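A short worksheet on the structure shown next.
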Amino acid sequence: MSALFTNWLMWALLSALFAGATAVLAKVGVGEINPNLATAIRTSVVLLFTWSIVAACKVPLSLSSISRKTWIFLILSGIATGLSWICYFRALQLGLASKVAPIDKLSVVFVIAFSAFFLHESVSWPQWVGGCLIVGGAVILTMF
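This is how it looks when you write it as structure tokens:
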């Protein structure tokens with residue numbers, strides 16, 4: 058497999074690119090309907106799209122071999138994702154995408170804190186400083 062396809066940075070940048078597109082597309086899409094319905098439609102598309110990728114990549118489907126712990130954490134992650142999307146779509150419906158998105162990206166700061174506290178990851182002072190800069194940037198972007 059090409060080094061490009063195994064590079065975490067490339068995938069992270071693509072994730073950021075698609076997340077940016079998501080904000081703009083969702084802002085237009087949620088304009089005339091209930092944000093919960095919009096989230097349900099989006100989630101259905103994600104469901105069909107990801108299962109199509111699994112099928113196309115011929116991923117072995119031995120669901121019974123997945124541990125109970127893995128199931129629990131993936132289910133909790135799915136619930137957190139759903140709650141995030143519901144809140145995000147409501148915020149997009151009520152506010153400007155250019156102000157909602159920076160606040161949404163404060164999730165990076167939460168990841169740093171949660172990783173340190175729950176996963177016992179070592180977080181360096183540059184990471185904490187970077188997190189503070191993200192908070193400052195979000196404040197600046199939403200206030201002006």
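Residue numbers (my numbering): 58 to 201. Where is the CB? At the ideal position from N, CA and C, for every residue including glycine. No experiment lies behind these values; they were computed from the predicted model shown.
Beta-carbon proximity of isoleucine 169 to glycine 188, cut-off 9 Å: Cβ distance < 9 Å, so isoleucine 169 and glycine 188 count as in contact.
Suppose you measure from the CA of lysine 126 to the CA of isoleucine 136; what does that come to, to the nearest Å? 15 Å
Are isoleucine 191 and lysine 162 touching if we call contact CB-CB under 9 Å? Against a cut-off of 9 Å, the Cβ pair of lysine 162 and isoleucine 191 comes out as a contact.
In this structure, how does DSSP classify cysteine 114 when only helix, strand and coil are distinguished? coil
For alanine 158 versus alanine 80, is the C-beta distance shorter than 9 Å? Yes; because the gap between Cβ atoms is below 9 Å, this pair is in contact.
In whole angstroms, give me the CA-to-CA distance for histidine 177 and glutamate 89. About 44 Å.
Would alanine 73 be called buried (16 or more neighbouring beta carbons within 10 Å of its own) or exposed? By the neighbour-count rule (16 or more Cβ atoms within 10 Å), alanine 73 is not buried but exposed.
Taking the alpha-carbon positions, what's the leucine 133 to serine 122 distance? 19 Å
Rounded to a whole number of angstroms, what is the C-alpha to C-alpha distance between serine 179 and tyrosine 145? 30 Å
How is the alpha helix (DSSP H) around valine 157 delimited, first residue to last? First-last of the alpha helix (DSSP H) with valine 157: 154–161.
Let's test the definition: count the other Cβ atoms within 10 Å of the Cβ of proline 183 and tell me whether it reaches 16, buried, or not, exposed. The residue is exposed, with fewer than 16 neighbouring Cβ atoms inside 10 Å.
Exposed unless 16 or more other CB atoms sit within 10 angstroms - verdict on tryptophan 68: exposed
State the Cα-Cα distance for the pair alanine 195 and valine 102, rounded to the nearest angstrom. 30 Å
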